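**Student:**
Quick look at the structure:
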């Protein structure tokens with residue numbers, strides 16, 4: 041498919057914005073884990089901003105929650121791409137999905153670690 045010639049400048053930015061919003065909406069509609077993480081984000085991001093004493097702490101506490109959402113969307117995209125190719129069980133497909141899941145797990149560990157260090161270490 042050829043790139044549209046008029047997809048430049050502000051038009052490209054607007055298209056990118058709407059494609060991104062569609063991706064977030066699709067992930068929210070179809071992925072239970074993402075919906076749960078969004079609910080947690082709605083609680084933890086404001087809480088992180090409130091609990092952080094410095095600007096850096098506020099950014100780290102809230103930023104790690106955004107990282108979880110980002111990684112979850114990427115994991116969902118990997119799963120969709122694998123499923124698009126085939127629902128047949130294949131070791132490489134399983135490994136790709138497991139790696140995506142591991143990335144989400146590591147992002148959760150990162151958030152827990154940052155929150156723990158900032159809020160619990162004197």
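Numbering (the working numbering), first residue to last: 41 to 162. Glycine is no exception: its CB is placed at the ideal position from the N, C-alpha and C atoms. Note that the structure is predicted; figures quoted are calculated from it, not measured.
Measure the alpha-carbon distance for residue 130 versus residue 118 and round it to whole angstroms.
**Tutor:** Cα to Cα, residue 130 sits roughly 15 Å from residue 118.
**Student:** Can you list, in chain order, the residues of its chain with a C-beta nearer than 7 Å to that of residue 77? Leave out the 5 residues immediately preceding and following it.
**Tutor:** So the list reads 108, 109, 112, once near-sequence residues are dropped.
**Student:** Return the chain-ordered list of same chain residues with a C-beta closer than 8 Å to the C-beta of residue 81, the five sequence neighbours on each side being excluded.
**Tutor:** These residues qualify, in order along the chain: 105, 106, 108, 109.
**Student:** Could you give the C-beta distance for residue 102 and residue 89, rounded to a whole number, given that I count them as a contact under 8 Å?
**Tutor:** Confirmed, about 6 Å.
**Student:** Would you mind sorting residue 144 into buried or exposed? The rule is 16 or more other CB atoms within 10 Å of its CB.
**Tutor:** Buried, since its Cβ has 16 or more Cβ neighbours within 10 Å.
**Student:** Ignoring anything shorter than 4 residues or poking outside the segment 81-161, list the alpha helix (DSSP H) runs there in chain order.
**Tutor:** Correct list: 95-125, 131-160.
**Student:** Quick one: Cα of residue 2 to Cα of residue 87, how far?
**Tutor:** Only positions 41 to 162 of the chain appear in this structure, which leaves residue 2 out of reach.
**Student:** What runs of the alpha helix (DSSP H), each 4 residues or longer, lie entirely inside the segment 45-80?
**Tutor:** Counting only runs of 4 or more, we get 49-70.
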